[in-house]
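Line by line, the protein sequences are chains A and B.
Numbering-wise (the UniProt record's numbering), the first sequence opens with residue 1 and increments by one.
Numbering-wise (the UniProt record's numbering), the second sequence opens with residue 1 and increments by one.
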Amino acid sequence: MNRPATPVVEVDHASFGYADAPVVRDVSLTIAPGEVVALLGANGSGKSTLVRGVLGLNEQLGGDVRLFGVPREDFHDFPRLGYVPQRHTLSASVRATVEEIVAVGLLSQRRWWQPRLGRAGSTDTIHRCLEVVGLADRADTDVSTLSGGQQRRVLIARAMASHPDILVMDEPTAGVDAANQDVLAGVLARLAGEGTTMLIVTHELEALSGIVTRIVAMSSGRIVFDGTPAEFEYHHSRLAVVGHAHHSGDEADHTESRLAAAPAAGPFDPQGDDHHG
Amino acid sequence: MAELLSLDFMRQALVAALLVGIAAPLVGVFLVQRRLSLIGDGMGHVALAGVAVGVLTGTAPVWTALVAAVGAAVAIELIRARGRTSGDVALAVMFYGGIAAGVVIIAKSPSGSPANLTAYLFGAITTASTTDLWVFAGLALVVLVGTWLLRPWLFAVANDEEYARASGMPVTGLNIALAVLTAVTVVVSMRIVGLLLISALMIIPNATAQLFGRSFRATVRWAVLIGVVASVGGVVLSFYAETPSGGTIVLLAIAAFIAAAVGTATAARMRTARHRRAAGHDHEHGTGCGHEAVPHDDHVDYLHDGHLHAAHEGHYDEHGGDVAAAADHEDVGTTVKDGQR
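The following block contains the structure:
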């Protein structure tokens with residue numbers, strides 16, 4: 001079923017946003033099977049817009065998006081796609097158990113006129129997913145009573161239920177306490193070990209160190225860095241030097257040209273502190 | 001009771017009440033979940049315009065009301081899907097336009113009278129004919145089957161619309177389907193509960209059920225049970241007390257809500273007194289977390305420095321009722337560091 005040569009995600013000169021105000025402009029990004037990509041950037045840099053655009057949740061204003069080699073408009077193999085949205089997308093106005101939420105992840109495999117998948121089979125799948133995220137003993141708990149980190153893991157279990165080939169996560173570690181962040185990192189490491197491709201929007205690279213194989217940084221709706229964590233480290237430290245030098249006004253020539261196009265401020269832009277004030 | 005059952009129209013009324021009591025909370029739970037509790041009310045307003053047109057033209061008001069309510073349902077979802085802030089105002093114009101047009105048209109029709117209007121607004125089951133009842137029963141069945149079939153998808157969309165969209169579900173279509181099911185429920189219920197009160201029977205049993213149910217499935221069952229008790233009970237009560245059926249049903253539903261709220265609050269206070277929470281617990285138990293798992297009745301406790309910890313909501317409870325554990329449960333916070341394997 002998997003053709004290893006086909007990229008999982010191909011974004012080709014695409015723009016996303018609102019009709020007259022594109023947030024992401026002319027971005028190209030290709031993700032190969034097995035890659036674990038961290039998408040970094042300050043608030044408003046367009047990383048969520050890009051990810052939501054790839055999933056068809058934002059208006060696409062130009063360019064092409066292909067999923068598993070298929071143009072997005074023609075893509076219907078939704079079980080291969082596991083999406084972990086931000087936690088506040090969950091409605092809490094009616095009770096729902098952890099198990100009921102994870103069961104939603106199985107729906108993409110089923111048409112409305114088809115009877116339920118074998119009940120025992122789906123219960124097994126749900127429990128296996130809950131086992132992976134360490135919530136097996138909370139299957140019958142009302143989700144709204146769980147902590148933020150636990151809810152995050154419920155959403156990951158839901159995304160895993162259809163055995164996806166790629167997990168797309170929007171800030172899975174944001175606002176999660178240390179104990180939960182450890183568990184979460186363990187879960188992601190295990191999934192990465194099983195060869196699941198991942199695209200993770202995050203602010204907290206540290207929590208994911210050792211899992212991420214590639215880092216893409218965005219600023220003002222464009223990709224300003226794309227490379228390995230080691231390259232990012234180097235780039236990071238150089239930026240720090242440049243940012244420092246920026247103050248004294250010399251060494252400006254050493255700035256790489258693509259850095260010049262990176263005016264954003266944020267936790268991954270060491271120049272950020274200069275701009276924040 | 002025998003007297004009540006010997007009357008043809010009362011038997012019909014009880015059947016109608018049973019159907020409405022099942023259908024209204026079943027559809028209503030998804031409205032509560034989507035935070036659209038008042039949308040049924042708006043559809044009732046628009047349905048009145050349909051009723052008025054039926055009265056004026058001499059067609060059966062059920063069908064004209066159905067056309068108006070379903071039309072409004074589709075319009076509501078299309079306006080909401082566009083997500084403009086002006087959509088809110090557009091809905092208000094539609095709802096008040098509906099009820100105003102209804103009042104004016106009924107006043108101008110030959111058979112129109114204030115009593116006629118009141119019957120539709122607040123429910124008067126005794127005015128329904130046998131033909132009406134068959135139509136209502138058929139429509140109620142459509143609502144029940146439709147909601148049952150679409151239930152997993154309606155749940156998915158109402159619970160997390162963004163995820164549903166990303167999973168390729170036809171979100172707008174499902175939202176329109178729910179709106180149409182709501183509209184049909186409004187029309188089915190107008191004779192029993194009335195157009196101005198039907199929304200209450202969709203929402204209040206669900207509010208009560210939130211207090212009892214521990215899962216979505218259980219909540220729906222409770223809501224349907226409460227809905228049936230309120231609507232059938234309300235019809236019986238209105239017969240003996242000689243009160244309008246709609247108001248009686250809704251008051252009964254509200255009484256159940258208040259009783260349940262007081263009861264569960266008292267029970268919760270008593271439970272909290274007995275429940276010991278592990279203090280300062282910054283470790284997540286799980287398979288292979290390094291702590292011995294001890295089966296305990298229907299769940300698993302983890303042995304953590306001589307304490308039994310059981311998952312409860314977002315935290316851990318101290319389990320094992322021995323006096324020693326109860327006496328030193330304050331220690332959990334200080335010993336947790338060396339407990340991490």
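From the three backbone atoms N, C-alpha and C, an ideal C-beta is built for every residue, glycine too.
Task: Which of helix, strand or coil DSSP assigns to residue 301/A - done: Outside the displayed span of chain A (1 to 277) sits residue 301/A, for which this structure offers no information.
Open item on the list: Between the stretch 202 to 215 of chain B and the stretch 48 to 56 of chain B, can you find at least three pairs of beta-carbon atoms closer than 8 Å?
Closed with: no
- [ ] State the beta-bridge partners of Gly314/B as determined by DSSP.
- [x] BP columns for Gly314/B are empty, so no partner.
Task: CA-to-CA distance, His312/B to Ala90/B, given in whole angstroms - done: 45 Å
Open item on the list: Can you confirm whether His76/A, when its beta carbon is compared against all beta carbons of chain C, has any partner nearer than 9 Å?
Closed with: In the structure shown, chain C does not exist; the protein chains are A and B.
Open item on the list: Using the three-state DSSP reduction, which class does Arg277/B fall into: helix, strand or coil?
Closed with: strand
Task: Residues bridged to Ala14/A [DSSP beta-bridge criterion] - done: Val27/A
Open item on the list: Within the continuous beta strand (DSSP E) that includes Ala38/A, where are the two ends?
Closed with: Val36 to Gly41
- [ ] Could you please give me the residues that DSSP links to Arg214/A through a beta bridge?
- [x] Val37/A
Task: CA-to-CA distance, Val102/A to Ile211/A, given in whole angstroms - done: 24 Å
- [ ] Can you tell me which of Pro61/B, Thr118/B, Thr172/B and Trp134/B puts its alpha carbon nearest to the alpha carbon of Glu77/B?
- [x] Thr172/B
Task: 9 Å Cβ cutoff, Ser48/A in contact with chain B - done: no
Task: Rounded separation between Gly249/A and Ser48/A - CA only - done: In this prediction, Gly249/A scores a pLDDT of 39, lower than 50, which makes its location untrustworthy; the coordinate-derived value is nonetheless stated afterwards. Distance between the alpha carbons of Gly249/A and Ser48/A is about 34 Å.
Open item on the list: Please report the distance separating the alpha-carbon of Gly82/A from that of Asp8/B.
Closed with: 57 Å
TODO: Pull up the distance between the alpha-carbon of Leu155/A and that of Thr97/A, whole angstroms please.
DONE: 12 Å
Task: Min CB distance Phe257/B to chain A below 9 Å - done: no
Task: Cβ-based burial, His76/A [other Cβ within 10 Å; buried from 16] - done: exposed
Task: Rounded distance between the beta-carbons of Glu284/B and Gly121/A, thought under 8 Å - done: Actually they are not in contact, since the Cβ atoms of Gly121/A and Glu284/B sit about 28 Å apart, beyond 8 Å.
Open item on the list: Between Thr219/B and chain A, is the shortest Cβ-Cβ distance under 9 Å, so that the two count as touching?
Closed with: yes
TODO: Write down the C-beta distance between Ile40/A and Leu205/A rounded to the nearest angstrom, noting that I regard them as a contact closer than 8 Å.
DONE: The residue asked about is misnamed: residue 40/A is Leu in this sequence, not Ile. About 7 Å separates the two Cβ atoms, so the contact holds.
Open item on the list: At the level of alpha carbons, what is the spacing between Val103/B and Ala60/B?
Closed with: 17 Å
Open item on the list: Can you look up Phe75/A in the DSSP assignment and give me helix, strand or coil?
Closed with: coil
Task: Cross-chain neighbours of Val77/B in chain A, by beta carbon under 8 Å - done: Residue identity check: residue 77/B is Glu in the sequence provided, not Val. Chain A residues near Glu77/B: none, gap ~17 Å exceeds 8 Å.
Task: chain A contact for Glu284/B (CB, 9 Å cutoff) - done: yes
Task: Assigned exposure category for Ala21/A - 16 Cβ within 10 Å defines buried - done: exposed
Open item on the list: Quick check on the DSSP output: what are the complete alpha helix (DSSP H) runs of length 4 or more inside the stretch 164 to 224 of chain A, in order along the chain?
Closed with: 178 to 193
Task: Range covered by the alpha helix (DSSP H) that runs through Glu162/B - done: Glu161 to Ala166
Task: Thr147/B beta carbon less than 9 Å from that of Gly40/B - done: no
Open item on the list: So, with DSSP's three-state summary, where would you put Ala60/B?
Closed with: coil
Task: Chain-ordered residues of the stretch 175 to 191 of chain A with a beta carbon less than 9 Å from chain B - done: Asp177, Ala178, Ala179, Asn180, Asp182 and Val183
- [ ] Tell me whether the beta-carbon of Asp317/B lies closer than 9 Å to the beta-carbon of His309/B.
- [x] yes
Task: Burial state of Glu251/A (16 or more Cβ within 10 Å) - done: Low per-residue confidence applies at Glu251/A: pLDDT is 38, beneath 50, and the placement is therefore not dependable, though the value from the model is reported in the following sentence. Looking at its Cβ environment, which holds fewer than 16 other Cβ atoms inside 10 Å, Glu251/A is exposed.
Task: Opening and closing residue of the alpha helix (DSSP H) in which Ala200/B lies - done: Ile198 to Phe212
Task: Range of the contiguous beta strand (DSSP E) that encloses Val193/B - done: It is not in any beta strand (DSSP E) - Val193/B carries neither H nor E in the DSSP assignment.
Open item on the list: Using the three-state DSSP reduction, which class does Gly82/A fall into: helix, strand or coil?
Closed with: strand
Open item on the list: Can you confirm whether the stretch 9 to 19 of chain B touches the stretch 133 to 145 of chain B when touching is taken to mean that 3 or more C-beta pairs between the two stretches lie within less than 8 Å?
Closed with: yes
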